[in-house]
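Novice: If you read the sequence shown in the numbering used here, its first letter stands for residue 25, the second for the next number, and so on.
First the structure, which I've put down as structure tokens, then a few questions once you've had a look.
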Amino acid sequence: MVCPVGGCVTNTNFAVLAVFCVSVGCAMPAMAQGPETVEPETYERADEPPGEYIREEPEEPWYSWFWPIGDRVEVKSIKDDYVPFTTEKDRMMTREEVLGIAEPSAFAPDPYADEAITPAGRAKPTVLPDRPALMVEAGNGFLDTGPLDAGFEVPVLGAVWQPRLWAYAINRTAFQTFDNGFSGNPRETEIANRLDLFVNLQLTGTEKILLGLRPTDNNRPNRFTRYTFEGQDRGFNDEFGFNVETLFFEGDFGSLFPNLDQAGILPIDYGFTVGRQPVVFQEGILINDTIDAFGIIRNNIPFPGTSNFRVSAMWGWNRLDRNEVFSRNENMYGLFVAADAHVSTFNLDMIYVDDRGQDRGPDRDERDGFYVGASAIQRLAAFGGISTAFRVNSSFALQDEVQGVVGNGTLLTAELSKTVPGSDDIVYFNSFLGFGNFTQAGREAVVGGPLANTGILFASPSLSTYLAEIDPFVEDDLVGGAIGYQAFWDNKRRNVIFEIAGRQSLRNDGLGVNSLGFGVQYQQAVGQHAQLTLESFYTINENFDDGLGARAEFQIVY
């Protein structure tokens with residue numbers, strides 16, 4: 025998963041998985057803020073004694089019957105009265121008490137009993153749902169409660185290990201039909217499957233080994249296990265296997281070798297990772313690939329004007345995907361800097377790809393490239409608290425420029441989003457401006473191009489032949505963007521996104537891909553382990569056929 029400040033080298037955030045298992049919440053397309061508070065007006069009436077104030081609730085605007093679209097969320101205001109501290113146990117009732125079978129004599133006094141009754145009536149305290157266990161849990165349970173195992177001290181190293189083995193699966197099955205109009209491929213109608221299996225051996229809070237398998241696909245759009253009703257390769261396509269897509273070890277030198285610094289004064293607290301892992305920087309614009317790599321990071325470097333300054337470096341030696349079959353001859357070197365300042369989080373990421381090209385003969389193209397990305401992420405208080413992210417990414421072909429592999433170009437992007445007052449709904453506007461032939465340092469074949477983060481119409485679900493609805497690549501000068509609305513219901517267990525997006529080439533030769541698209545996506549949690557996704561789109565393409573498609577996906581996480 026992508027780290028929210030611009031990049032990471034680890035694979036799976038297990039805390040996110042736990043939240044998904046409990047509520048199956050859905051990822052937001054842009055940054056968001058909490059709902060705003062509207063305070064009731066107070067005034068002194070002429071016919072009342074001085075000092076008597078009447079509180080009057082503000083009138084609802086005329087559009088309140090349809091806006092916001094999602095659930096209204098009550099905003100808690102700051103209390104002047106003392107509110108005693110309570111734990112979840114104090115607030116919980118047994119199942120028998122909730123159902124009225126038993127008297128709530130053991131239930132602690134409700135510190136909020138004096139609050140005004142809402143029109144719907146004050147809800148009774150409820151029983152928290154049981155923690156969904158992972159598919160395999162050996163040792164301490166994942167996010168479980170209770171005493172921790174004592175573990176054991178590793179000889180020589182001095183580290184105390186508390187081994188826990190956790191395993192889980194993400195199974196996605198979709199019935200989908202797709203034709204974006206501009207790709208030249210025939211319509212594909214199919215049932216396709218993707219299964220991700222993860223096994224995590226957690227040694228300490230910082231050291232772990234993670235294995236990820238993809239048994240039903242080979243990580244290319246046309247190499248998923250599927251049954252095709254319409255399109256190429258009709259019939260059943262078998263892509264079963266145990267392909268290792270993730271296998272890495274990560275940790276911290278100071279935690280792994282505490283005997284080297286028993287006094288705790290040596291600067292050896294460097295994080296590291298080695299193995300096959302996803303590498304994502306600048307939200308996938310600069311690089312979005314899975315490669316064999318070694319990385320090292322130093323956090324909390326003292327730097328004026330920052331609360332956290334960190335620097336990481338990486339060397340990748342295998343599986344860099346540059347719009348071709350995995351390359352085994354290219355070395356990738358990266359330097360990544362991030363700073364948390366008072367208002368903004370700044371990122372500066374640089375990558376150099378050394379293309380040795382040993383398999384392409386004497387007439388091969390030299391494809392060395394240099395890539396740089398910079399971003400500023402912040403909330404603009406002067407504009408009503410709009411959350412923003414501004415990015416500039418550039419690629420430079422140091423020798424030969426090869427279409428789709430390495431080119432000279434720059435991509436400017438701006439992401440704006442805001443929570444609709446009185447709700448958790450989000451309205452967003454993401455735009456881009458491209459110059460030249462910008463290419464990514466690496467891109468996994470089943471993910472979208474550098475424009476994938478613009479909106480749902482530029483993104484790919486990464487499942488078989490259902491690709492991006494609007495061309496997500498930068499080919500010469502272009503401009504475009506997406507505007508959308510995401511509404512939430514049922515405590516965020518259900519949401520829908522409405523989006524309009526487009527791109528316009530700035531070339532005058534008529535060869536660019538100009539598109540205007542309309543898309544909708546609906547997601548619904550089913551219990552604690554499943555999610556249903558429905559989506560559809562229609563695109564109007566200049567000089568190409570119009571695009572039309574739809575899909576229904578059922579996802580199980582266990």
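In this text, a Cβ means the ideal position worked out from N, Cα and C, and glycines have one as well.
1. For Ile-194, which residues of its own chain have a beta-carbon under 6 Å away from its beta-carbon, when the five flanking residues on both sides are left out?
2. Check whether the Cβ atoms of Phe-296 and Gly-275 lie closer than 9 Å to each other.
3. Could you pull out every unbroken beta strand (DSSP E) segment of at least 3 residues lying fully inside the segment 178-209, listed in chain order?
4. Suppose the cutoff is 7 Å on Cβ atoms and the five residues either side in sequence are ignored; what does the same chain contact list for Thr-230 look like?
5. In the structure shown, what three-state DSSP assignment does Gly-278 receive?
6. Enumerate in chain order the residues of its own chain whose CB-to-CB distance from Tyr-294 is below 6 Å, with the five nearest sequence positions on each side excluded.
7. If I follow the unbroken beta strand (DSSP E) through Ala-157, where does it start and stop?
8. Could you check whether the segment 176-190 touches the segment 528-542, counting it as contact only if at least three pairs of C-beta atoms, one from each stretch, sit closer than 8 Å?
9. On the three-state DSSP scale, how would you describe Thr-478?
10. Are three or more beta carbon pairs between the segment 240-260 and the segment 467-474 nearer than 8 Å?
11. Rounded to a whole number of angstroms, what is the C-alpha to C-alpha distance between Gly-170 and Pro-496?
12. Do you know whose CA, among Leu-172, Trp-185, Ala-191 and Ala-465, lies nearest Pro-156's CA?
13. Which whole-angstrom value is the C-beta distance of Asp-449 and Phe-407, which I expect to be below 8 Å?
14. Identify the continuous beta strand (DSSP E) that holds Thr-489 and give its terminal residues.
15. For Asp-154, is the classification buried or exposed, using 16 other Cβ atoms within 10 angstroms of its Cβ as the cut-off for buried?
16. Going by CA-CA distance only, name the one from Ala-405, Asp-241, Gly-255 and Thr-252 that's closest to Glu-263.
17. In this structure, how does DSSP classify Gln-402 when only helix, strand and coil are distinguished?
18. Going by DSSP in three states, Asn-10 sits in which element: helix, strand or coil?
19. Mind reading off the beta-carbon distance from Gly-236 to Glu-212? Whole number of angstroms is fine, and I expect it under 8 Å.
20. With distance defined between alpha-carbon atoms, name the residue in Pro-210, Gly-397, Tyr-509 and Arg-517 nearest to Trp-91.
21. So what's Phe-407 in DSSP terms, helix, strand or just coil?
22. So the beta strand (DSSP E) Val-451 belongs to, where does it begin and stop?
23. Ignore the nearest five residues each way along the sequence and tell me which others in Asp-569's own chain have a CB closer than 7 Å to its CB.
24. Give me the Cα-Cα distance between Asn-217 and Thr-197, rounded to the nearest whole angstrom.
25. What does the Cβ neighbour count give for Gln-427, buried or exposed, with the cut at 16 atoms within 10 Å?
26. What did DSSP end up calling Tyr-87 once you bin it into helix, strand or coil?
27. If contacts are defined as beta-carbon pairs under 8 Å, then Leu-502 and Ser-529 qualify, I think. What distance do you get, rounded to the angstrom?
28. Would you decide whether Val-367 is buried or exposed? Buried here means 16 or more other CB atoms lie within 10 Å of its CB.
29. Going along the chain, which residues of its own chain have a beta-carbon closer than 6 Å to the beta-carbon of Gly-458, five neighbours each way excluded?
30. With 16 as the cutoff for other CB atoms within 10 Å, does Ile-289 come out buried or exposed?
31. According to DSSP, is Gly-551 helix, strand or coil?
32. Rounded to a whole number of angstroms, what is the C-alpha to C-alpha distance between Arg-518 and Leu-572?
33. So, for Gln-548: in the same chain, excluding its five sequence neighbours on each side, which residues have a beta-carbon less than 6 Å away from its beta-carbon?
34. Could you please give me the residues that DSSP links to Thr-228 through a beta bridge?
35. Buried or exposed: Asp-514, going by 16 or more other Cβ atoms within 10 Å of its Cβ?
Specialist: The short version:
1. Asp-220 and Val-581
2. yes
3. 188-202
4. Gly-275, Asp-276 and Ser-279
5. helix
6. Phe-277, Ile-320 and Arg-322
7. Here Ala-157 belongs to no beta strand (DSSP E), and DSSP marks it neither H nor E.
8. no
9. helix
10. yes
11. 48 Å
12. Ala-191
13. Not really, about 18 Å apart at Cβ, beyond 8 Å.
14. Careful: Thr-489 lies outside any beta strand (DSSP E) and carries neither H nor E.
15. exposed
16. Asp-241
17. strand
18. Outside the displayed span of the chain (25 to 582) sits residue 10, for which this structure offers no information.
19. Actually they are not in contact, since the Cβ atoms of Gly-236 and Glu-212 sit about 26 Å apart, beyond 8 Å.
20. Tyr-509
21. helix
22. 450-460
23. Gly-205
24. 4 Å
25. exposed
26. helix
27. 5 Å
28. exposed
29. Leu-435, Val-498 and Leu-502
30. exposed
31. coil
32. 25 Å
33. Arg-518 and Leu-556
34. Paired residues: none, contrary to the question.
35. exposed
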